[in-house]
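Asker:
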Amino acid sequence: MWHANSEGGHWLVHFRRDLRDWESLMLEDLLTKIGDCTFSENEDSWVWIWSRKGRFTVKSMYKHLIDEKFTRIGNRVVFPSGLVWGMELPMNIKLFFWSLFLGKTLTRQNLVNRGLEISTCCPLCNLLPESVEHLFLHFPLVLELWFDLLRSKQHLLIKLYEADFVRTWFSQWPTTSGNGLLVRVWSYLPYAVAWITLKSRNNKVFNEGVPQLRRWRCHGIGAAIGLAGTASVSGTWC
Ligand SMILES: [Zn+2]
């Protein structure tokens with residue numbers, strides 16, 4: 031119970047039996063949490079402690095959960111939400127990039143991680159496990175395509191080779207200057223390549239289609255131009 035005195039007051043806690051060690055720690059934690067509480071004669075009311083105004087918002091709940099997770103794992107990796115939700119992309123493609131940046135896209139490696147009993151071998155090259163990073167960053171045809179597209183930008187190719195995560199590669203993608211359409215095509219280029227990579231992979235898995243660099247390049251650039259020209263290019267992208 032709360033014991034009020036001239037200096038404010040303090041908590042008096044009594045138990046019928048002695049506490050075990052782990053219970054003492056819990057009590058200590060509880061007293062730390064409620065130690066700063068002060069009481070008044072006013073009527074009680076609910077207060078949401080994770081927002082400044084004391085009112086519940088989804089944003090404050092989300093922030094609290096993320097902060098708690100970061101504290102637990104000791105590593106703060108901020109999800110690049112602007113690279114997904116800030117882009118003018120059809121919603122199904124935004125959802126694809128959301129899962130891609132989280133590393134959750136259903137590659138064979140991720141399917142095996144979820145309990146499926148299949149081979150993890152990449153269906154495109156049959157060389158390495160089909161992880162997200164392998165398929166979207168370091169798969170030989172993807173590297174060849176980027177080598178083609180970035181011939182005059184070797185420093186960018188090095189960043190691609192060095193990228194450990196897809197989101198790192200996208201985060202490092204630079205802006206360019208020039209006319210409006212060129213700037214937009216450039217900014218959508220990595221999205222177009224990743225999307226065409228997924229489609230080519232699915233075409234191989236489900237239709238036995240053989241991936242060809244020339245077609246891949248044409249479709250990739252076409253998708254980037256289509257998207258940059260107008261946001262309603264579902265025919266090209268979907
Ligand atoms: Zn492969």
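Quick note on the working numbering: the sequence shown kicks off at 31 and runs consecutively. All C-beta atoms, glycine included, are put in the ideal place defined by N, C-alpha and C.
Is any heavy atom in ligand 1 found nearer than 7 Å to the beta carbon of Phe169?
Answerer: Yes, the beta carbon of Phe169 sits closer than 7 Å to at least one heavy atom of ligand 1.
Asker: Alpha carbon to alpha carbon, how far is Glu118 from Glu244? Give it in angstroms, no decimals.
Answerer: Contrary to the premise, residue 244 reads as Arg rather than Glu in this sequence. Spanning the two alpha carbons is a distance of roughly 27 Å.
Asker: Measuring alpha carbon to alpha carbon, tell me which of Leu212, Ser217, Arg46, Trp41 ends up nearest Thr290.
Answerer: The first residue shown for the chain is 31 and the last is 268, placing residue 290 beyond what the model contains.
Asker: Please go through the same chain and pick out, in chain order, the residues whose beta-carbon is closer than 7 Å to the beta-carbon of Trp216, but skip the five residues on each side of it.
Answerer: Hits under 7 Å: Thr206.
Asker: Determine whether the beta carbon atoms of Val162 and Thr198 lie at a separation below 8 Å.
Answerer: No.
Asker: Identify, in the order they occur along the chain, each residue of the same chain with its Cβ nearer than 6 Å to the Cβ of Met31, setting aside the five sequence neighbours on each side.
Answerer: Result list for Met31: Leu42, in chain order.
Asker: For the beta strand (DSSP E) containing His40, name the first residue and the last one.
Answerer: From DSSP, the beta strand (DSSP E) with His40 extends over 38-41.
Asker: Is there at least one non-hydrogen atom of ligand 1 closer than 7 Å to the beta-carbon of His249?
Answerer: For ligand 1, not one heavy atom lies less than 7 Å from the Cβ of His249.
Asker: For the alpha helix (DSSP H) containing Trp52, list its first residue and its last residue.
Answerer: Trp52 -> alpha helix (DSSP H) spans 51-64.
Asker: Between Ile148 and the rest of its own chain, which residues show a CB-CB distance below 8 Å, the 5 nearest in sequence each way excluded?
Answerer: The residues are Arg138, Leu141, Val142.
Asker: Closest to Ser111 by CA distance: which of Trp78, Leu132, Ser75 is it?
Answerer: That would be Leu132, whose Cα lies nearest to the Cα of Ser111.
Asker: Just confirm the distance between the C-beta atoms of Arg231 and Leu167, as a whole number of angstroms; I'd bet it's less than 8 Å.
Answerer: So it is not a contact: roughly 13 Å between Cβ atoms.
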